[in-house]
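In full-length UniProt numbering, the protein residues as written are 1 to 160.
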Amino acid sequence: MTTVHDFTVTKTNGERKALKDYAGNVMLIVNTASKCGLTPQFTGLQKLYEQYKDQGLEILGFPCDQFNNQEFDSIEETTQFCQLNYGVSFPIFAKIKVNGDQEDPLFTFLKNEQRGLLSKQIKWNFTKFLVDKRGNVVERYAPTTEPEKIEAKIVKLLKE
């Protein structure tokens, strides 16, 4: 059976990262954007990361420019923006597509595992996928779901 651990993603420096490296950790995978009305969610995501990273939480940010061009052209600008404005220290990966012909295979898998309200497609920035320690996608959260609202479920998965 395929899990999130079977995928590799691209880091901001172009190197590949195997998600099996996160096996045994709970992951929150998010498609992000720097110039979106929901961008302040970086604050909540960072807070969760700081509070639970030592217990096994990993937050993985994937910048995406598919929704009204709300991401910087260069990944360097994106990472600087996230660090300077929100203190982001969790991993931010290379910019990707989450829908369409060129969508990243990880997001194809995530969407197939947890459909949205009316369709599989990701409708906006900051869609969140919660993944258990075994790499199973257990929940999908709408862009407007604040990170704090996911905390109880994260804590539960960390204890499993």
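For every residue, glycine included, the Cβ atom is placed at its ideal position computed from N, Cα and C. These numbers were taken from a predicted model, which means no experiment stands behind them.
Could you have a look at residue i and say whether DSSP puts it in helix, strand or coil?
i: Pro91; result: coil
i: Arg11; result: Sequence check: residue 11 is Lys here, not Arg. Three-state result, Lys11: strand.
i: Lys35; result: coil
i: Glu146; result: coil
Can you give the Cα-Cα distance for residue i and residue j, rounded to whole angstroms?
i: Pro105; j: Phe62; result: 13 Å
i: Arg140; j: Leu157; result: 14 Å
i: Asn13; j: Lys95; result: 11 Å
i: His5; j: Val137; result: 11 Å
i: Ala142; j: Gln102; result: 22 Å
i: Gly56; j: Met27; result: 8 Å
i: Pro91; j: Ile75; result: 13 Å
Should residue i go down as buried or exposed, given a rule of 16 or more other Cβ atoms within 10 Å for buried?
i: Leu118; result: exposed
i: Gln80; result: exposed
i: Gln51; result: exposed
i: Glu160; result: exposed
Suppose the cutoff is 7 Å on Cβ atoms and the five residues either side in sequence are ignored; what does the same chain contact list for residue i look like?
i: Asn99; result: Gln66, Gln121 and Ile122
i: Glu148; result: Gly44
From the DSSP secondary-structure annotation, give me the bridge partner or partners of residue i.
i: Tyr22; result: For Tyr22, which the question treats as bridged, DSSP gives no partner whatsoever.
Which residues in the same chain have their Cβ closer than 6 Å to the Cβ of residue i, if we skip the five residues on either side of it in sequence?
i: Lys35; result: Gln70
i: Ile29; result: Leu60 and Phe129
i: Arg115; result: none
i: Glu49; result: Per the sequence shown, the amino acid found at residue 49 is Tyr instead of Glu. Once the five neighbours on either side are set aside, the close Cβ partners of Tyr49 are Ile59 and Phe90.
i: Phe72; result: Ser34 and Thr78
Between residue i and chain C, is there a C-beta pair that is closer than 7 Å?
i: Asn99; result: Among the protein chains of the structure shown there is no chain C, as only one such chain exists.
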